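Data block below; observations after.
Protein chains: 2
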Amino acid sequence: MTDGNPALHFDPDRRFPAALPASGAWRVGDPVGKRKFATVCCERPFVLEGGGVLPQIDIAYETWGTLNEDRSNAVLVCHALTGDAHAAGSMGPGHPSDGWWNNLIGPGKAIDTDRFFVVCSNVLGGCQGSTGPSSINPETGSPYGPTFPQVTIRDIVRAQYMLMEKLGLGAWCSVVGGSMGGMQVLEWGAMYPRHVRSLVPVATAASASPMQVGWSAVERLAISQDPKWRDGWYYDAADGDGPSQGLALAREISQITYRTSEVFDARFGREVYDPRTEFEQWGRFQVESYLDHHGQKLVRRFDANSFLVLSKAMDLHDLGRGRGGLAKVLGSFRMPVLTASITSDVLYPPYQQAEIYKLIEDGGGSCAYHIVESPQGHDGFLLESAALGPLIASVLRQATSF
Amino acid sequence: MTDGNPALHFDPDRRFPAALPASGAWRVGDPVGKRKFATVCCERPFVLEGGGVLPQIDIAYETWGTLNEDRSNAVLVCHALTGDAHAAGSMGPGHPSDGWWNNLIGPGKAIDTDRFFVVCSNVLGGCQGSTGPSSINPETGSPYGPTFPQVTIRDIVRAQYMLMEKLGLGAWCSVVGGSMGGMQVLEWGAMYPRHVRSLVPVATAASASPMQVGWSAVERLAISQDPKWRDGWYYDAADGDGPSQGLALAREISQITYRTSEVFDARFGREVYDPRTEFEQWGRFQVESYLDHHGQKLVRRFDANSFLVLSKAMDLHDLGRGRGGLAKVLGSFRMPVLTASITSDVLYPPYQQAEIYKLIEDGGGSCAYHIVESPQGHDGFLLESAALGPLIASVLRQATSF
């Protein structure tokens, strides 16, 4: 599997000079530090759906595989809330863990990097190379912090579109993603239908439900109630400390919503962490130790302000907003779509993917709908690669045979 | 409906002098302030399951209806985490809201106060009259605060047993409750089988699942991470302020787990609180306003340290602990049991009540199991009185006809 610096196997300047805008408004950045990806920068103001303006934006991305002659084999993979551009490949400097879809992306895998040119970019508002709250505001020379304007999924997708153009691509063979990634997939279908030949939105929703908004809201409260959040101005705190407790708590809450009783029962049961403290107020069960671990792990790799912005972007996700409603938007989809549910997903319950399927089919479009029987809950979209792989592979086969 | 001071219609000293312990260790307290209930006090040390000792305990209770001649018509109603002894009756001084089971308890209602003598006591560890962390420790003259020893459901039930004795009762016609109340019901069956003629544990579990422990744990974290919690020493804080933000957040989290997508969809949809701030980071959807409201409401009536102690007591709930396991305990139940599930309850899912049913029946006991079709989620045990009422009434009819 090609897992090196994408510049080693994909150099947009060398291969696609025609794609470079004459204005020179774009420049190709170097790989960020030791991270194995590149950035592109749009130096023109980027006006956001909500009215905010970013004077320039960087989009970090990683690629795998090789673009073919007619540029028809590009696949865009979209990441979820705390994901990043490292969708595949091993851990290493700049990558605290293996690619989050490592089982699906690679040579001979469902998203076969021997056949496809695969791109994954860090979302706008993120904290892994793309412009977000922790980035330097060129107008002030300091991090944006809480002045970073609220972005939406549509803004995130528009930035991806600009990346696509920069990479010299006219269309994606497929746009694929789960959870917040699936929201982006659906927005690709609504915003750029002529630039996507197929869509695979998994374990996602056409619009965020009030239950999902509720979860996001309490997670944001957990961060904002941490006094070390300091209204978002913590990057230069004298004690060097940010809202790590609040962010960890936010993650612990979300981690429960990602999993199921069945998984926790099998994994932890009622095992206690230390039997000597079983009856003490702060004695812990093993499941608490697990949640603490996930909280701490996120703190080490994620920025709290990015969590706030992206969590709110998910709440604002509504494919039908300003477009005449969900039925009209999804009913107009004419590219093949595959959506999939995880049976035990309580955060993005199957009825939400069934709605996507139904509204596309009702409008005369073509949508395949698969229900993956799994106890894994929402995290099934990351874990059930054995079930999801063949489904995604078949969409890609279809999308290349037109 | 009789809703006055229980002393007006039930005076244990006058009616049941034989039941008063000769030692005089018990005294009957006056109604607390303007609250319409009485307290009893055990002035002997109360040794807890976890090893802690309380030098004395008060148990606040409220009663409705009249005890019959042969003292066979007493029903104990057990409240849930943030409930209290005011299970029935209207709001008024000391009662910020109507009784939490007002639709089920009263003249002619399912738990008919024309026929039954109904008792509900505030749990040990609570904050509505019974001894809890906010009570004065007689050994220090100050509130217990974080030194209040961790109680378990078994401790709570043992205190209820002492109340029963104090009231001159030999047995309950039935012990009834949902959620944490249902945990108490089950412990009555295990600890005092000869003193209960029937049990009605609703929307509860034989032991807390790791998923439930996870939810409790993040709610406790929300409180303990509030700097105004002050490690539990906030009662005499110079600024007069306790961990209201943390307690509110804990409640918002739990409030979501009590409800369902279906209810939120119907009630809130994607309505925003103020369209002018829709795209702002801290703009709110209506569902957020609802959650904030519930958080603030709890802060006004509940003590954060009680929340911590009772939440942990629920986590420690395991009917099988030290008794050879759940199957052995439930398999030994010989009193009639009725358990009920709310179909949409994600916090106490139906499989938990089905387990209670199965283990009782497998052991040769008699358990009726009803599934209440409802979109209300866990709160269905409070809201679905039309469905639960006839079920409970039939158990009471059965329990009085032996």
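Residue numbers (this note's numbering), protein chains in the order written: chain X, 1 to 402; chain H, 403 to 804. The beta carbon of each residue, even a glycine, is placed where N, CA and C say it ideally should be. Everything numeric in this text was worked out from a predicted model, so none of it was measured.
Using a beta-carbon distance below 8 Å, is residue i in contact with chain H?
i, result
"X/MET211", "yes"
"X/TRP233", "no"
"X/LYS138", "The sequence given here has Pro at residue 138 of chain X, not Lys. Judged by the 8 Å Cβ criterion, X/PRO138 is not in contact with chain H."
"X/PRO349", "yes"
"X/LYS312", "yes"
"X/VAL157", "no"
Which first and last residues belong to the beta strand (DSSP E) in which residue i is found?
i, result
"H/THR468", "H/THR468 -> no beta strand (DSSP E), and no H or E assigned at all."
"H/VAL521", "519-523"
"H/LEU478", "476-480"
"X/ALA38", "38-42"
Give the range of the alpha helix (DSSP H) segment to which residue i is assigned.
i, result
"X/LEU169", "Neither: X/LEU169 is in no alpha helix (DSSP H) and is coded neither H nor E."
"X/PHE264", "261-267"
"H/PRO612", "612-626"
"H/THR659", "646-660"
"H/TYR759", "752-764"
"H/PRO792", "787-801"
"H/TYR771", "Note, H/TYR771: premise wrong, no alpha helix (DSSP H); beta strand (DSSP E) at 769-774."
"H/VAL739", "Segment 739-744 is the beta strand (DSSP E) holding H/VAL739; no alpha helix (DSSP H) there."
"X/VAL196", "Careful: X/VAL196 lies outside any alpha helix (DSSP H) and carries neither H nor E."
"H/VAL701", "688-703"
"X/VAL329", "326-331"
"H/ALA715", "706-717"
Please classify residue i: is it buried, with 16 or more other beta-carbons within 10 angstroms of its beta-carbon, or exposed?
i, result
"X/ARG158", "buried"
"H/PRO495", "exposed"
"H/ARG653", "buried"
"H/PRO498", "exposed"
"X/SER244", "buried"
"X/GLY364", "exposed"
"X/MET162", "buried"
"H/LEU684", "Residue identity differs from the one stated: residue 684 of chain H is Trp in this sequence, not Leu. Result: exposed."
"X/ARG35", "The pLDDT assigned to X/ARG35 is 36, lower than 50, so where the model puts this residue is not dependable, and the model offers no usable value."
"H/GLU673", "exposed"
"X/PRO107", "exposed"
"X/SER216", "buried"
"H/ALA668", "exposed"
What number of angstroms, rounded off, separates the C-alpha of residue i from the C-alpha of residue j?
i, j, result
"H/SER805", "X/VAL346", "Outside the shown range of chain H (403 to 804) lies residue 805 of chain H, about which nothing can therefore be said."
"X/PHE285", "H/LEU710", "15 Å"
"H/ALA605", "H/HIS772", "11 Å"
"H/ALA742", "H/ILE513", "16 Å"
"X/VAL337", "H/GLN586", "51 Å"
"X/GLU355", "H/VAL774", "26 Å"
"H/ALA427", "H/PRO457", "Interpretation of H/ALA427 is limited by its pLDDT of 28, a score under 50 that renders its predicted location unreliable; the figure taken from the coordinates is listed afterwards. So the two alpha carbons sit approximately 12 Å from each other."
"H/TRP478", "X/ARG220", "The residue asked about is misnamed: residue 478 of chain H is Leu in this sequence, not Trp. Whole-angstrom Cα-Cα distance: 41 Å."
"H/SER776", "X/GLY141", "56 Å"
"H/GLY616", "X/ALA206", "29 Å"
"X/ALA22", "X/GLY170", "With a pLDDT of 27 at X/ALA22, under the threshold of 50, the modelled position of this residue cannot be trusted, and the question is left open."
"H/GLU541", "H/TYR637", "17 Å"
"X/SER289", "X/TYR273", "7 Å"
"X/ILE392", "X/PRO350", "18 Å"
"H/GLY648", "H/GLU682", "24 Å"
Taking the alpha carbon of residue i as the point to measure from, which residue in the options has its own alpha carbon closest?
i, options, result
"X/THR257", "X/ASP379, X/GLY83, X/GLN281, X/GLY178", "X/ASP379"
"X/GLY145", "X/LEU163, X/GLY50, X/SER385, X/ALA237", "X/ALA237"
"H/VAL701", "H/ARG473, H/GLY467, H/THR484, H/ARG799", "H/THR484"
"H/VAL582", "H/LEU693, H/ARG446, H/LEU712", "The question names Val, but residue 582 of chain H is Met in the sequence shown. Among H/LEU693, H/ARG446, H/LEU712, the Cα nearest to that of H/MET582 is on H/LEU712."
"X/GLY322", "X/SER134, X/ARG154, X/GLY92, X/THR66", "X/ARG154"
"H/MET593", "H/GLN800, H/SER803, H/MET737, H/GLU786", "H/MET737"
"X/GLY51", "H/GLU680, H/GLN755, H/SER734, H/ARG672", "H/GLU680"
"H/GLY491", "H/VAL731, H/TRP466, H/ARG473", "H/TRP466"
"H/LEU693", "X/SER254, X/LEU330, X/MET211, X/ALA304", "X/MET211"
"X/TRP172", "X/LYS166, X/ARG197, X/PHE148, X/GLU62", "X/ARG197"
"X/ASP226", "X/VAL123, X/ALA85, X/ALA304, X/THR39", "X/ALA304"
Between residue i and chain X, is the shortest Cβ-Cβ distance under 8 Å, so that the two count as touching?
i, result
"H/GLU445", "no"
"H/GLU567", "no"
"H/VAL860", "Limits of chain H in this structure are 403 at one end and 804 at the other, which puts residue 860 of chain H out of reach."
"H/ARG556", "no"
"H/SER609", "yes"
"H/PHE632", "In the sequence under discussion, the amino acid at residue 632 of chain H is Arg, which differs from the Phe named in the question. Not an interface residue."
"H/ASP486", "no"
Shorter than 7 Å, the distance from the beta carbon of residue i to the closest heavy atom of the ligand HEM, or not?
i, result
"X/GLY99", "Among the components modelled here there is no ligand, and therefore nothing to report on the ligand HEM."
Which chain C residues sit within Cβ distance under 7 Å of residue i?
i, result
"X/GLN150", "The chain inventory of the structure shown lacks chain C, comprising the protein chains X and H."
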